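*Asks:*
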Amino acid sequence: MQTLGVYIHIPFCVRKCVYCDFLSAPATQETQRLYVEALKKEIRENAGLYTEHAVETIFFGGGTPSLLREGHIKDILSILKIYYKISPNVEITLEANPKTTDLKKLCALKAAGINRLSIGLQSTDNNELKTIGRIHTYDDFLQTYSDARAAGFDNINIDLMSALPSQTLKSWTNTLKNVLKLTPPPEHISAYSLIVEEGTPLYEHIDCFPPVPDEETERQMYYETSRILGEYGYTRYEISNYAKQGYESRHNRIYWQRGIKHTHDYVGFGLGASSTVSCRRWKNTSDMSAYLAQTADIKEDIQTLSQTDLMEEFVFLGLRMTSGISAAEFYQTFQKSIDDIYKVPLEKWISQGLLVREGDNIRLTDRGIDLSNTVFADFIL
Ligand code: SF4
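This note's numbering puts the first residue of the sequence shown at 1, with every later residue one more than the last.
Take a look at the structure:
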């Protein structure tokens, strides 16, 4: 039986944040209803492709999935439960943004089967939140967090973002410390650095915003994150993800381990969602009208992954995890030695201290994590 991670994209938000390049937009209740109908159809009609899979994780991402009515989430889960084999201990995560939920809704979501909540906080500084266009304040987040605990959620991730306009090292460490003071503290923290993406209002009007921290400050933020969270008992298990023991995101692990374990597949349902199943990869249409109509095939950019693609994926995805990769597993997967295929970059980065090799295991060092994109670029075949 293959392992399947299911991603469900909910492309709706109250309004766009200035840095956001995700596929999301405000929408009427009627569009949301039609979208959920289309999603259910897509999930139902593709079930025949996954009869040999057990669904280990389901992830409602966005956008703002918590914007949907609880009944919609319940309906989507019911369709999955009817048409797919769901593992008895399935992890079901929903991304929730403050000001889009309340206690009643969170209780209904818990009752529907959501057992992990990922709350988008980004910062506890109200000026920073306002500058990046978030719809909530820190107090709004505190309300959502306390409602989530009251509703019985005992596995909560908080999303944070460093390198925001006007952010200082002190305000970033304050954000971290405020989050760690929550009672009880979150089980999981994702801490990403802001990337100013082309086409976003932040990119187009960068001069109208307070400056983002310089490279040196950004690097210090990075080190402080891992130091402070480490002191509070969180283990960094991936470049930007930290968890209390036993609370690593199982869904994300399916993505990162896919390169290593080809029995791990993931399918994305919804607008623009990506899938990789066996050696095939595709993306759904990003055109809302085409998605809602579903009269033509909505799968686009269908690729068959070559052995070279799979070897690159093994290294890129595997090295994102702090546990690293195994030379023996590489050999078992490809019948080729990693030392023959990647002799030059391995020697180069090990000698420069960005990679470390202990017996069979190869992983990034702390400095390597910092410069991971430079390291990864050298592993393109
Ligand atoms: S809430 Fe998230 S998905 Fe929605 S606009 Fe803001 S960053 Fe984008």
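All residues carry an ideal CB built from backbone N, CA and C; glycine is no exception. Quick caveat: nothing in here was measured; it's all calculated off a predicted structure.
1. Ser66 to Ala108, Cα distance in whole Å?
2. Does the distance from the C-beta atom of Thr64 to that of Phe12 stay below 8 angstroms?
3. Is it right to say Glu95 is buried, meaning 16 or more other beta carbons lie within 10 angstroms of its own, or is it exposed?
4. What does a CB cutoff of less than 6 angstroms around Ile228 pick up in its chain, not counting 5 residues either side in sequence?
5. Only counting the same chain, and skipping five residues up and downstream in sequence, which positions put a Cβ closer than 7 angstroms to that of Arg320?
6. Taking the alpha helix (DSSP H) that Pro345 belongs to, which residues open and close that run?
7. Please tell me whether Tyr389 and Tyr266 are closer than 8 angstroms, where the distance is taken between their beta carbons.
8. Closer than 7 angstroms: is that where the CB of Gly120 sits relative to any heavy atom of ligand 1?
9. Judging by CA-CA distance, which residue of Asp378, Tyr19, Arg44 and Ser326 is the nearest neighbour of Ser162?
10. Are the Cβ atoms of Asn281 and Glu56 separated by less than 8 angstroms?
11. If you draw a straight line from the C-alpha of Phe269 to the C-alpha of Gln167, how long is it?
12. Strictly by DSSP, which residues pair up with Asn284?
13. Taking C-alpha atoms, which residue in Asn155, Ser337 and Tyr222 lies nearest to Tyr247?
14. Just to confirm, are Val36 and Ile58 a CB contact at a threshold of 8 angstroms?
15. Any heavy atom of ligand 1 within a distance shorter than 7 angstroms of the CB on Thr64?
16. So does Phe209 have its beta carbon nearer than 7 angstroms to some heavy atom of ligand 1?
17. Whose C-beta lies closer than 7 angstroms to the C-beta of Lys130 among residues of the same chain, with five residues either side of it excluded?
18. Please state if the CB of Asn178 and the CB of Pro124 are separated by a distance shorter than 8 angstroms.
19. Verify the contact flag: Phe22, CB atom, against every heavy atom of ligand 1, threshold strictly below 7 angstroms.
20. Would the C-beta of Asn97 count as close to ligand 1, meaning under 7 angstroms from any of its heavy atoms?
21. Taking only heavy atoms of ligand 1 into account, decide whether any of them is closer than 7 angstroms to the Cβ of Lys130.
22. Hey, could you find the ends of the alpha helix (DSSP H) Asp154 is sitting in?
23. Would you say the beta carbon of Lys16 is closer than 7 angstroms to some non-hydrogen atom of ligand 1?
24. Residue ranges of each alpha helix (DSSP H) run of no fewer than 4 residues wholly in the region 113 to 180, ordered along the chain?
25. Identify the residues that DSSP records as bridge partners of Asp265: which are they?
*Replies:* The short version:
1. Numbered from 1 along the sequence shown, position 66 holds the residue referred to as residue 66. Numbered from 1 along the sequence shown, position 108 holds the residue referred to as residue 108. Each residue's Cα considered, the two are about 11 angstroms apart.
2. Mapped onto the sequence shown, residue 64 falls at position 64. Mapped onto the sequence shown, residue 12 falls at position 12. For Thr64 and Phe12, yes; Cβs fall inside 8 angstroms.
3. The residue given as residue 95 occupies position 95 in the sequence shown. By the 10 Å Cβ count, Glu95 comes out buried.
4. In the sequence shown, counting from the first residue as 1, residue 228 sits at position 228. Closer than 6 angstroms at the Cβ level, and outside the excluded window around Ile228, lie Leu176.
5. Here residue 320 is taken as the residue at index 320 of the sequence shown, counted from 1. These residues qualify, in order along the chain: Glu238, Ile239 and Trp256.
6. Position 345 of the sequence shown, counting from 1, holds the residue named residue 345. Counting along the chain, the alpha helix (DSSP H) containing Pro345 begins and ends at Lys343 to Ser351.
7. Nothing about residue 389 can be reported from this structure: the residues present for the chain run from 1 to 381 only.
8. As a first step, residue 120 must be located in the sequence shown, where it is residue number 120. Checking the Cβ of Gly120 against ligand 1 gives yes.
9. Locating residue 162 in the sequence shown gives position 162, where the first residue counts as 1. The residue with the shortest Cα to Cα distance from Ser162 is Tyr19.
10. The count along the sequence shown starts at 1 and reaches residue 281 at position 281. The count along the sequence shown starts at 1 and reaches residue 56 at position 56. Checking the sequence shown, residue 281 turns out to be Arg, not Asn. No, the Cβ-Cβ distance between Arg281 and Glu56 is not below 8 angstroms.
11. Taking the sequence shown and counting its residues from 1, the one referred to as residue 269 is at position 269. Taking the sequence shown and counting its residues from 1, the one referred to as residue 167 is at position 167. Phe269 and Gln167: Cα-Cα distance of roughly 36 angstroms.
12. Reading the sequence shown from its first residue, position 284 is the one you call residue 284. According to DSSP, Asn284 bridges with Lys299.
13. Here the question's residue 247 lines up with position 247 in the sequence shown. Selected option, being the one with the closest Cα: Asn155.
14. Stepping through the sequence shown from its first residue, residue 36 is reached at position 36. Stepping through the sequence shown from its first residue, residue 58 is reached at position 58. The answer is no: Cβ separation not under 8 angstroms.
15. Your numbering for residue 64 matches position 64 in the sequence shown. True, at least one ligand heavy atom lies under 7 angstroms from that Cβ.
16. Residue numbering aside, residue 209 sits at position 209 when the sequence shown is read from its first letter. Phe209 Cβ: outside cutoff for every heavy atom of ligand 1.
17. Position 130 of the sequence shown holds residue 130. Nothing meets the Cβ criterion.
18. Position 124 of the sequence shown, counted from the start, is the residue given in the question as residue 124. Position 178 of the sequence shown, counted from the start, is the residue given in the question as residue 178. Sequence check: residue 124 is Thr here, not Pro. Their beta carbons are under 8 angstroms apart, which means Thr124 touches Asn178 by this criterion.
19. Position 22 of the sequence shown, counted from the start, is the residue given in the question as residue 22. Because some heavy atom of ligand 1 lies under 7 angstroms away, the Cβ of Phe22 counts as near it: yes.
20. Numbered from 1 along the sequence shown, position 97 holds the residue referred to as residue 97. Yes, the beta carbon of Asn97 sits closer than 7 angstroms to at least one heavy atom of ligand 1.
21. One-based indexing of the sequence shown puts residue 130 at position 130. For ligand 1, not one heavy atom lies less than 7 angstroms from the Cβ of Lys130.
22. Here residue 154 is taken as the residue at index 154 of the sequence shown, counted from 1. From DSSP, Asp154 is part of no alpha helix (DSSP H); its letter is neither H nor E.
23. Along the sequence shown, one-based indexing puts residue 16 at 16. Yes, ligand 1 has a heavy atom inside 7 angstroms of this Cβ.
24. 126 to 131, 138 to 150 and 169 to 180
25. Walking along the sequence shown from the start, residue 265 turns up at place 265. Answer is Leu4.
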